[in-house]
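Residue numbers (my numbering): 1155 to 1617.
See the structure below:
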């Protein structure tokens, strides 16, 4: 424990030439969206407070870190090489910080990009993931790139950044789309606990929708067939991310029995919207499905470079009824927010608590407070990081030997716009408004990115 953050022992290696500067005319290349220029290794990170000694493993986070951009005006935030940031904890200490490109320099120079969206552990490996095409890229424990992992040659097609884990079966479930290889369907893929594909089912969908995520219950795989689709005008204008809002396209959510065929899907109408991320889903005793989502009224209407300048995301509850084939929507909170997470012990069953990150797209810091929602009480508590500071996606880590759903540690990377620096904070979910139990200083800023996980050294499934 220290009261003052002292410099860590650090070495750095300069990456390939990065002709980008801060600020930029493209907001997704400016400020803390902008990539970092070096791969860093730092040992014995300074800590304010105390890291819980039960936390033994790695906090990992992934995001785009382009080394070069052909056309700054058309660059999309979702594009560019992946870079994983990691902190190794053991014995109440932060032993190291490392950031590494997902693929090595030879692969990057060959044009094999991507895997910039999520990172986690499964079947004894560490995977970096991206939606819409590339299979996972494997990394070593120390984050050295090991190349593409096609699940032992059993994956024939794309994968996703958001697989869903079933703790009962040990399986990963995913909905995978890919342009232009899959033009009229998506693949529902199930990976067994041995890291090999057990099932692949083609699901016909028109117009190639952007299917960023899915949900999973004990009975169903939930398919989000929403109103953002491939757009040939955008493609013809030279934008690298050719998806656009289609106001005339019906929105629907599909309930696919987990052992069913594509013809068994029950499609249920929903008001036009877009969802990147659901929190959790579960079956109700009367046969419905409940899922909490970050919902946009529309998405990518005019903005060709990113998701945050138009309709903000609210936090909503959907109740999906396969009998009436309708979705009942209830607003939980109007606050713009994203990156919902829950205690993994509550996965696939009714959850009481959910956690999200506030989103402030017009401010220098994309993020603000971390929200803790109590669905049973209908209440919310918020962790405020102070002026100019905000916490990104809240990673929920169950406390050892505790069964209460909010008995968990919350890990979030905090950007401080007043100092242009980043820290990793550990919060106590049971006392979310209290100061962080630990603040770990990082040797360089972590750009605004997407997703990550805690991978415990004893983990048998994805964190």
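We put the CB at the ideal spot given by N, CA and C, even for glycine.
Source: prediction; values computed, not measured.
Within 10 Å of its beta-carbon, does residue i have 16 or more other beta-carbons around it, so buried, or fewer, so exposed?
i            : result
residue 1469 : buried
residue 1556 : exposed
residue 1303 : buried
residue 1369 : buried
residue 1396 : buried
residue 1162 : With a pLDDT of 46 at residue 1162, under the threshold of 50, the modelled position of this residue cannot be trusted; read the value that follows with caution. Buried, by the Cβ-count rule.
residue 1175 : For residue 1175, the predicted structure reports a pLDDT of 45, less than 50, and the residue's modelled location is therefore unreliable. The matter cannot be settled from this model.
residue 1612 : exposed
residue 1478 : exposed
residue 1173 : At residue 1173 the pLDDT is 37, less than 50, meaning the model places this residue with poor confidence; the figure from the coordinates comes in the next sentence. Burial call: exposed.
residue 1259 : exposed
residue 1498 : buried
residue 1438 : exposed
residue 1559 : buried
residue 1516 : exposed
residue 1269 : buried
residue 1580 : buried
residue 1603 : buried
Please state whether DSSP places residue i in a helix, a strand or coil.
i            : result
residue 1257 : coil
residue 1226 : helix
residue 1181 : helix
residue 1585 : helix
residue 1187 : helix
residue 1704 : Any property of residue 1704 remains undetermined from this structure, which presents the chain solely from 1155 to 1617.
residue 1262 : helix
residue 1252 : strand
residue 1499 : helix
residue 1610 : strand
residue 1408 : strand
residue 1314 : coil
residue 1205 : coil
residue 1469 : strand
residue 1512 : strand
residue 1192 : strand
residue 1175 : In this prediction, residue 1175 scores a pLDDT of 45, lower than 50, which makes its location untrustworthy; no coordinate-derived value is stated.
residue 1340 : strand
residue 1236 : strand
residue 1504 : coil
residue 1380 : coil
residue 1545 : strand
residue 1605 : coil
residue 1557 : coil
residue 1231 : coil
For residue i, which option in the options has the closest C-alpha, if you only look at C-alpha atoms?
i            : options                   : result
residue 1547 : 1520, 1585 and 1328       : 1520
residue 1489 : 1450, 1455 and 1504       : 1450
residue 1543 : 1380, 1364, 1561 and 1513 : 1513
residue 1183 : 1193, 1230, 1210 and 1214 : 1230
residue 1459 : 1516, 1487, 1422 and 1394 : 1394
residue 1197 : 1251, 1214 and 1204       : 1251
residue 1495 : 1425, 1318, 1287 and 1373 : 1318
residue 1246 : 1604, 1594 and 1607       : 1594
residue 1429 : 1492, 1414 and 1345       : 1492
residue 1253 : 1597, 1422 and 1464       : 1597
residue 1355 : 1312, 1391 and 1349       : 1312
residue 1326 : 1501, 1545, 1578 and 1601 : 1501
residue 1530 : 1486, 1377 and 1554       : 1486
residue 1189 : 1262, 1416 and 1219       : 1219
residue 1202 : 1195, 1248 and 1179       : 1248
So residue i and residue j are supposed to be a Cβ contact under 8 Å. How far apart are they, rounded?
i            : j            : result
residue 1383 : residue 1400 : 5 Å
residue 1309 : residue 1334 : The Cβ separation is near 19 Å, so there is no contact.
residue 1409 : residue 1476 : 5 Å
residue 1539 : residue 1568 : 6 Å
residue 1342 : residue 1375 : 6 Å
residue 1307 : residue 1609 : The Cβ separation is near 24 Å, so there is no contact.
residue 1481 : residue 1407 : 6 Å
residue 1403 : residue 1361 : 7 Å
Output the boundary residues of the alpha helix (DSSP H) element that contains residue i.
i            : result
residue 1386 : 1386-1390
Between which two residues does the beta strand (DSSP E) holding residue i run?
i            : result
residue 1318 : 1318-1320
residue 1565 : 1562-1570
residue 1328 : 1325-1330
residue 1371 : No beta strand (DSSP E) contains residue 1371, which DSSP labels as neither H nor E.
residue 1491 : 1491-1495
residue 1302 : 1299-1302
residue 1399 : 1397-1399
residue 1446 : 1443-1450
residue 1122 : Residue 1122 lies beyond the residue range present for the chain, which begins at 1155 and ends at 1617; the question has no answer from this structure.
residue 1552 : 1549-1552
residue 1218 : 1211-1218
residue 1527 : 1521-1528
residue 1292 : 1291-1293
residue 1440 : Residue 1440 -> no beta strand (DSSP E), and no H or E assigned at all.
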